[in-house]
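Residue numbers (the working numbering): 39 to 393.
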């Protein structure tokens, strides 16, 4: 597993067309972010929403903790979410469910009690990092001797393969680990799955969550939470790594040309000028072109994760929104096998609760 780092070997976009396209794209992003920040900071001027308390459903039976942040517009805990919680419990975690839905029904509370040791119902403030920060404050001394702390959420469909090998990879040594790395905004672990292993690493995660400045702005929370968190843990001296870092995924693309099929549809010029008799030149040409593509591993590289790496999760908004128009987004059904902890029907039912 490679350590993530701020290595900026990717060149600037050099052609006039690349510069123009990049600048126009950035203008749109800047405007969206500006609207989000102004609206979020305006809401921050009001008193923060009243937060809930911890309801203990059963005694924790582990020094491994999982804080699971969830939101359902229909205030429903689906069977798929329960399957995720069960997978974490079976991996040895004491699971605390943090709901930001309007309500948690008595029936759902009873179902959660079968897989969780704690339940927190709160108003959404600070997004997932706000939920995790609130949970760590309420747990207090329970985390003092924690060996592992997993921060995760319901933004992924699955798991479509057993989770044990992926969790084992993150607990093989002390440090902070994620499943995938993003280069957007600087190298960082994607926050749908963050696992701190080792007492010192857990303590520093709790300290970070205690002091992170919460806001209603999504963009600011991404900067203060997801992006800054990985950097802060590296600066503390913790080994910070992704099971699938960007370079590993990129090398898989270069080593297995058939995996480039989808990207070549999204970027028709990607495969132009390749010469069958010059494989090394082709590799370097492709890499230089990949440098210029802003690829989110859980979106544009989704099919690579699923086909080549047998990845356990599929991003919810890839299936429900598909902002990058990724052609393989509807193919998620083909990756659910006989050993999958969830069924196709469970995922369909979960998606129906998001409508």
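Cβ atoms here follow ideal geometry from the backbone N, Cα and C, with glycine treated the same way.
- Per DSSP, the unbroken beta strand (DSSP E) holding residue 103 starts and ends at 102-108.
- For residue 134, the enclosing beta strand (DSSP E) stretches over residues 131-137.
- Counting the other Cβ atoms within 10 Å of the Cβ of residue 316 gives fewer than 16, which makes it exposed.
- DSSP places residue 391 inside the alpha helix (DSSP H), whose first and last residues are 382-391.
- Selection 98, 321, 219 evaluated against residue 132 yields 98 as nearest (Cα-Cα).
- Per the Cβ contact rule, the stretch 322-338 is in contact with the stretch 304-311 (3 or more Cβ pairs under 8 angstroms).
- Within its own chain, the residues whose Cβ lies closer than 7 angstroms to the Cβ of residue 246, once the five positions on either side in sequence are excluded, are 267, 270, listed in chain order.
- When beta bridges are read from the DSSP output, residue 233 appears opposite 188, 215.
- For residue 371, the closest alpha carbon among the candidates 377, 385, 363 is that of 385.
- As a beta-bridge residue in DSSP terms, residue 353 pairs with 194.
- Bridge pairing for residue 94: 156 [DSSP].
- Counting along the chain, no beta strand (DSSP E) covers residue 292; the unbroken alpha helix (DSSP H) around it starts and ends at 284-293.
- Counted as a single uninterrupted DSSP element, the stretch harbouring residue 142 is not any alpha helix (DSSP H), since DSSP gives it neither H nor E.
- Per DSSP, the beta-bridge partners of residue 278 are 214.
- Judged by DSSP in its simplified three-state form, residue 312 adopts coil rather than helix or strand.
- Within 10 angstroms of the beta-carbon of residue 219 lie 16 or more other beta-carbons, which makes it buried.
- Residue 127 sits in a helix when the DSSP states are folded into three classes.
- If you compare the alpha carbons of 184, 126, 364 with that of residue 212, the shortest gap goes to 184.
- Residue pairing by DSSP places residue 113 in no beta bridge whatsoever.
- Residue pairing for residue 227: DSSP places it in a beta bridge opposite 219.
- The three-state secondary structure of residue 321, taken from DSSP, is helix.
- Taking a C-beta distance under 8 angstroms as the contact criterion, residue 106 and residue 191 qualify as a contact pair.
- In the DSSP assignment, residue 344 falls within the unbroken alpha helix (DSSP H) covering 340-347.
- Taking a contact to require three or more Cβ pairs closer than 8 angstroms, the stretch 158-170 and the stretch 336-351 do not qualify as touching.
- Taking every protein chain shown into account, the CB of residue 296 has fewer than 16 other CB atoms within 10 angstroms, so this residue is exposed.
- For residue 41, the secondary structure class from DSSP, reduced to helix, strand or coil, is strand.
- The beta carbon of residue 161 sits closer than 6 angstroms to the beta carbons of 87 from its chain, once the five residues preceding and following it are set aside; these are given in chain order.
- Taken through DSSP and simplified to helix, strand or coil, residue 378 comes out as coil.
- The straight-line gap separating the alpha-carbon atoms of residue 376 and residue 382 is approximately 11 angstroms.
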